[in-house]
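Following our numbering, the numbering of the sequence shown begins with 685 at its first residue and continues without gaps. To start, the structure itself, in structure tokens.
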Amino acid sequence: MVSAGTGRKWFATLLCVGMVAAGNLVIGTSAHAEVKVTESTKYYSVNGRTGLELGKAMLVGGGKTIRLRHAIAATATKFNVTDPELVVENGRCKIRKLRVNLGLTYYYPKWSGRSKASPSVREAWDVFYQELVKHEKTHGKIAIEYANRLEKELLRTSGTVLARCADFTAVASFRVRSLANELKRKQADFDRREGLSSSRISKLQVQLIKTR
């Protein structure tokens, strides 16, 4: 997420679908999983002839669309796990197959009054916007990295057959929560680095605002 100030916030929604019941256990040895990523982009309109006007428009438009204070761009993530199948292997309950789904939605400003601005403002906007997209795509890459880790963590999770695999869900939930917290920290750390006045995106944002 990119904001107009140095403060950064990032939120992720992790939805883990319940595993199949112990009564649906089958015998199997091979494990298979996949990660499916879907991406979409949404825009909010901004208008202005100067960099300062564009900066103000992004604050207003971003605040209404993204609903995070000072946010002008963001990456929304949604995880869910589908088609899980438990098997019994060497006296342990394990997952034979599942699918980790990751939905990424990018939010960006869209400048509708470009033709009325000076060439210098248009150039400053283009350079800043390119870096803005790069920033949000990095958030997406971080989320994809953790979707793959989630897949691996769930595949190595096991439970006790004698307990009818009742401990499987508890172990899986713990690992999912741990990964979600780690993901949140990594995204926030990235935002903090990008929020420094010395970062490229911060410098380009300041340059845009100063351009007339």
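Backbone N, C-alpha and C fix where the C-beta goes; we use that ideal spot for every residue, glycine too. Every value quoted in this text rests on a predicted model; they were computed, and no experiment measured them.
Buried or exposed for E878, going by 16 or more other Cβ atoms inside 10 Å? Counting the other CB atoms within 10 Å of its CB gives E878 a total of 16 or more, which places it among the buried residues.
Assign E820 to one of two classes, buried (16 or more other C-beta atoms within 10 Å of its C-beta) or exposed (fewer than that). By the 10 Å Cβ count, E820 comes out buried.
Per DSSP, R776 is paired with what? Looking at the DSSP assignment, R776 forms a beta bridge with E773 and T844.
Ordered list of beta strand (DSSP E) runs contained in the stretch 824-881, each at least 3 residues: Look at the stretch 824-881 and you find these whole runs of beta strand (DSSP E), each 3 residues long or longer: 842-844.
Could you tell me whether the stretch 800-818 touches the stretch 740-752, using the rule of 3 or more Cβ pairs below 8 Å? The answer is no - the stretch 740-752 does not touch the stretch 800-818, with fewer than three Cβ pairs under 8 Å.
Could you compute how far the alpha carbon of A758 sits from the alpha carbon of Y813? Those two C-alpha atoms are separated by around 13 Å.
Secondary structure, beta strand (DSSP E): runs of 3+ residues fully inside the stretch 720-806: Whole beta strand (DSSP E) segments, 3+ residues: 755-773 and 776-795.
Nearest residue (CA-CA) to A808, options V772, L736 and K720: Selected option, being the one with the closest Cα: L736.
Whose CA, out of R876, I893 and N785, lies closest to the CA of A827? For A827, the nearest C-alpha among the options comes from N785.
Decide if D873 is buried, meaning its Cβ has at least 16 other Cβ atoms within 10 Å, or exposed. Exposed, by the Cβ-count rule.
Rounded straight-line distance, which links the Cα of L888 to that of T761: Here the C-alpha atom of T761 lies approximately 26 Å from the C-alpha atom of L888.
Go through its chain and collect everything with a Cβ distance to C777's Cβ below 8 Å, but skip five positions before and after it. When the five nearest sequence neighbours on each side are left out, the beta carbons in the same chain lying within less than 8 Å of the beta carbon of C777 are those of A706, L709, L770, V771, S842, G843, T844, V845, C849 and F852, in order along the chain.
Kindly list the residues whose CB is nearer than 8 Å to the CB of E835, restricted to its own chain and excluding five residues on each side of it in sequence; keep chain order. The beta carbon of E835 lies closer than 8 Å to those of A717, E718, V719, L782 and V784 in the same chain, with the five residues before and after it left out.
Count the other C-beta atoms from every protein chain shown that fall within 10 angstroms of the C-beta of L880, then say buried if there are 16 or more, exposed otherwise. Around the beta-carbon of L880, fewer than 16 other beta-carbon atoms lie within 10 Å, marking it exposed.
Sequence-distant residues of the same chain with beta carbon closer than 7 Å to K825, five excluded per side: Here the set comprises nothing.
With a threshold of 6 Å on Cβ separation, who are the neighbours of T895 within its own chain once the five nearest residues in sequence on each side are excluded? Within the same chain, Cβ atoms closer than 6 Å to the Cβ of T895 are found at G735, S804, V805 and A808, the five residues on either side in sequence being excluded.
Quick one: is the Cβ of S882 within less than 7 Å of any heavy atom of the ligand FMN? The model on display carries no ligand, and the ligand FMN is accordingly not part of it.
Measure how close the beta-carbons of T749 and Y790 come, nearest whole angstrom, since I'm counting them as under 8 Å. Going by Cβ atoms, the distance from T749 to Y790 rounds to 12 Å, so no, they are not a contact pair.
Quick check: what's the CA-CA separation for V890 versus F858? For V890 and F858, the distance between alpha carbons rounds to 43 Å.
Answer yes or no: do I885 and L816 have a C-beta to C-beta separation smaller than 8 Å? For I885 and L816, yes; Cβs fall inside 8 Å.
N865 vs G797 beta-carbon contact at 8 Å: One thing to note: N865 has its Cβ no nearer than 8 Å to the Cβ of G797.
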